[in-house]
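Scroll down for the structure; my scribbles are underneath it.
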Amino acid sequence: MKNSLPRIALVLCVLWVVLVLLSWVLTAVMPNIAMRSLLSAEGIRWFFGHFTQSLATPLLVWLVLGLIACGTLRASGLLALRRPLGFRERFALRVVAAEGAVVVVIMLLLTMLPQAILLSATGGLMHSSFVHSLVPVACFTFTAMSVTYGVTVGRLHGLADIFGAMVSGFNKAGVFFVFYILIAGFYRSVVFVFIF
């Protein structure tokens, strides 16, 4: 799988170049076609002026938060529980379960009560603040639970270890960011070319 990742990235780059050339050729040959060229003045201005905006999506934030949560989960030892569990591990799991229960209760209170704060303007869950916050709340919850577990069992000894655990998810995650940039950029280019 590791050897196929560069090939997949190359395919995405080739598709992007084909899109650029195809949009240029088709708009030159058929000027009345409902397409925009990425090599026109408008297309070049759009690409340079909106590149950062094209990448700044909630998905990027979710990727960053997910990597922090995954790194902390792994570094704390919460993902690799070994049997038999010692007293510290059992106690830490109880504390982590209590933390999770508190988060669930808070989210229920913020969504299930009449006129709850996280509901939409129409009083439903769809398109509400609750739905938009699910991934960040889950990532923050797993990060907090991992830190609690790691500190309680003695795997994380201080602020430097906690910070190192949170950053550890990024060590091997560079491939995600490269693919995110390629996929998001290609997708936004397709939207620019074909959709007005």
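Using my numbering, the letters of the sequence shown correspond one by one to residues 675 to 870. Cβ coordinates follow ideal geometry from the N, Cα and C atoms, glycine included. The structure displayed is predicted, hence computed values, not measured ones.
Span of the alpha helix (DSSP H) around R719: Here residue 719 is taken as the residue at index 45 of the sequence shown, counted from 1. A715 to L729 is the extent of the alpha helix (DSSP H) around R719.
Endpoints, the alpha helix (DSSP H) within which H806 is located: As a first step, residue 806 is located in the sequence shown; it is residue number 132 there, counting from the start. Here the alpha helix (DSSP H) through H806 covers S803 to V827.
Given G717 as reference, the closest of R748, L830 and W698 once Cα atoms are compared: Counted from its first residue, the sequence shown places residue 717 at position 43. When each option's Cα is compared against that of G717, the closest is W698.
Selection from V821, T785 and F816 that minimises the alpha carbon distance to H801: In the sequence shown, residue 801 corresponds to position 127, counting from 1. Checked all of V821, T785 and F816; the closest Cα to H801 is T785.
Contact set for S711: own chain, Cβ-Cβ below 6 Å, skip 5 residues either direction: Along the sequence shown, read from residue 1 onward, the residue named residue 711 stands at position 37. So the list reads S697, W698, T701 and G717, once near-sequence residues are dropped.
Coarse secondary structure for L750, derived from DSSP in three states: For the purposes of this step, residue 750 is taken as the residue at position 76 of the sequence shown. It should be pointed out that residue 750 corresponds to Ser in this sequence rather than to Leu. Correct three-state label for S750: helix.
Same chain, Cβ closer than 6 Å to A749, neighbours up to 5 away in sequence not counted: Within the sequence shown, the letter at position 75 stands for residue 749. If we look at A749 and ignore the five residues flanking it on each side, its Cβ neighbours are A839 and S842.
R762 vs G824 beta-carbon contact at 9 Å: For the purposes of this step, residue 762 is identified with residue 88 of the sequence shown, where counting begins at 1. For the purposes of this step, residue 824 is identified with residue 150 of the sequence shown, where counting begins at 1. Here R762 is not near G824, since their CB atoms are 9 Å or more apart.
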